[in-house]
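Mapped onto UniProt numbering, the consecutive letters of the sequence shown carry residue numbers 1 to 287. Note that the Cβ used here is the ideal one computed from N, Cα and C, for glycine as well. One structure below.
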Amino acid sequence: MHHLIIGYGYCGYHLAQYLLNRQQTVTAISRHLDESMNLPGLRHIIHDINKPFLWQEKNTVLYYLIPPASEGEQDKILETFLNLSSIQPAKIIYFGSSGVYGNHQGNWVDEQSSCNLDHPRQHRRLNAEQQWLTFCKQHQIPCVLLRVAGIYGPNRLPVQAAIAQKPLLAPHEAPYTNHIYVHDLSEIAYQFAEKIELSGIYNIADGKPDLLGTLQQQVAQALGLEAAPYEPWEQIWALASPMKREFMLASKRLSIDALRATLKETLRLTSLSEAVINSLKEEGNFS
Numbered sequence: 001m002h003h004l005i006i007g008y009g010y011c012g013y014h015l016a017q018y019l020l021n022r023q024q025t026v027t028a029i030s031r032h033l034d035e036s037m038n039l040p041g042l043r044h045i046i047h048d049i050n051k052p053f054l055w056q057e058k059n060t061v062l063y064y065l066i067p068p069a070s071e072g073e074q075d076k077i078l079e080t081f082l083n084l085s086s087i088q089p090a091k092i093i094y095f096g097s098s099g100v101y102g103n104h105q106g107n108w109v110d111e112q113s114s115c116n117l118d119h120p121r122q123h124r125r126l127n128a129e130q131q132w133l134t135f136c137k138q139h140q141i142p143c144v145l146l147r148v149a150g151i152y153g154p155n156r157l158p159v160q161a162a163i164a165q166k167p168l169l170a171p172h173e174a175p176y177t178n179h180i181y182v183h184d185l186s187e188i189a190y191q192f193a194e195k196i197e198l199s200g201i202y203n204i205a206d207g208k209p210d211l212l213g214t215l216q217q218q219v220a221q222a223l224g225l226e227a228a229p230y231e232p233w234e235q236i237w238a239l240a241s242p243m244k245r246e247f248m249l250a251s252k253r254l255s256i257d258a259l260r261a262t263l264k265e266t267l268r269l270t271s272l273s274e275a276v277i278n279s280l281k282e283e284g285n286f287s
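Okay, here's the thing in structure tokens:
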């Protein structure tokens, strides 16, 4: 089986590393390659997916990790890729976003829950899912759509925020958020790849939703730093980035019952506290 990764960034790198460690054949596609991400055994192809792409190896699992562009309500990048490229893989695995659910007022959501779309980013992500479903139905290709929670891991932790004691929302005002450790995400993707005929939509998270700010608190605790103060909603909102404001308005708890039922005893999930320590060790920030 050949593993083809379209979009070789943070998640693509860790996925490739996981696959190569299991003696898999891996090719990654991106517009450029940072030398720090060049893994032994990896075949990397420099390619802009806005141009035609030909892939003739049918015994291939294709992982698509490129997020939509930042404008509009459709994923035009994916649309161009599908229209211009010639691909016929054995399976598609799309790394999407749990953001498609929008705000559920802190309630649990599963794969049948409504998508309360109130931001163009959510529309783009849902449109990407629909494009893959249509493409895979037309070409009779098994397709797994991953609705992935917030990804964290080595070099993707709020270390500077913890050091600066960046103020957090008080617990009674903080929305629920969901996380997945990048190494767990890679393993889950590989397990879905091995189930070659399986199709479906799956929430991908650790199954233990936390209040917004918990990750920063865990990092501070692991590093022995003083806890950040709490501030009221209005003050946090005034200084928040557009992305953070979207998170603040999208409180939900992701159910992973479908994921557990499908992967059963092979599903291994790392606790937030353990994963933070492991990540800091990989960064060299923890002894």
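Compute the Euclidean distance between the alpha carbons of residue i and residue j, then round it to the nearest angstrom.
i: Leu42; j: Pro171; result: 44 angstroms
i: Pro120; j: Glu73; result: 5 angstroms
i: Pro67; j: Ile77; result: 8 angstroms
i: Ile179; j: Pro209; result: According to the sequence provided, residue 179 is His. The question's Ile does not apply to it. Looking at the two C-alpha atoms, the distance is approximately 7 angstroms.
i: Leu263; j: Ser279; result: 25 angstroms
i: Asp184; j: Pro142; result: 22 angstroms
i: Asn107; j: Glu35; result: 43 angstroms
i: Asp110; j: Ala222; result: 32 angstroms
i: Gln165; j: His32; result: 36 angstroms
i: Tyr190; j: Leu19; result: 7 angstroms
i: Gln112; j: Ala275; result: 29 angstroms
i: Ile49; j: Lys58; result: 19 angstroms
i: His2; j: Val26; result: 6 angstroms
i: Ser199; j: Gln130; result: 14 angstroms
i: Ile6; j: Ser30; result: 7 angstroms
i: Ser70; j: Leu225; result: 36 angstroms
Assuming residue i contacts residue j under a Cβ cut-off of 8 angstroms, what Cβ separation, rounded to an integer in Å, is found between them?
i: Tyr176; j: Leu146; result: Rounded, the Cβ-Cβ distance is 20 angstroms, inconsistent with contact.
i: Ala220; j: Lys91; result: Contact doesn't hold; Cβ gap of about 41 angstroms is too wide.
i: Cys115; j: Leu126; result: 6 angstroms
i: Lys252; j: Asn103; result: 7 angstroms
i: Ile93; j: Val61; result: 6 angstroms
Is it buried or exposed for residue i, if we count other Cβ within 10 angstroms and need 16 for buried?
i: Ser243; result: In the sequence on display, residue 243 carries Met and not Ser. That one is exposed.
i: Ala261; result: exposed
i: Ser273; result: exposed
i: His139; result: exposed
Mind checking which residues open and close the alpha helix (DSSP H) that includes residue i?
i: Ser273; result: Leu272 to Glu283
i: Val182; result: Val182 to Glu194
i: Thr60; result: Looking at the DSSP string, Thr60 is not in any alpha helix (DSSP H); the run it does join, the beta strand (DSSP E), is Thr60 to Tyr64.
i: Met248; result: Pro242 to Met248
i: Pro175; result: Element bounds for Pro175: n/a, residue is neither H nor E.
i: Thr262; result: Asp257 to Leu263
i: Arg121; result: Pro120 to His139
i: Gly12; result: Tyr10 to Asn21
In the DSSP output, which residue or residues are listed as bridge partners for residue i?
i: Val144; result: Ile93 and Gly200
i: Ala28; result: Ile5 and His44
i: Trp55; result: Ile87
The beta strand (DSSP E) spanning residue i covers which residue range?
i: Ile151; result: Gly150 to Tyr152
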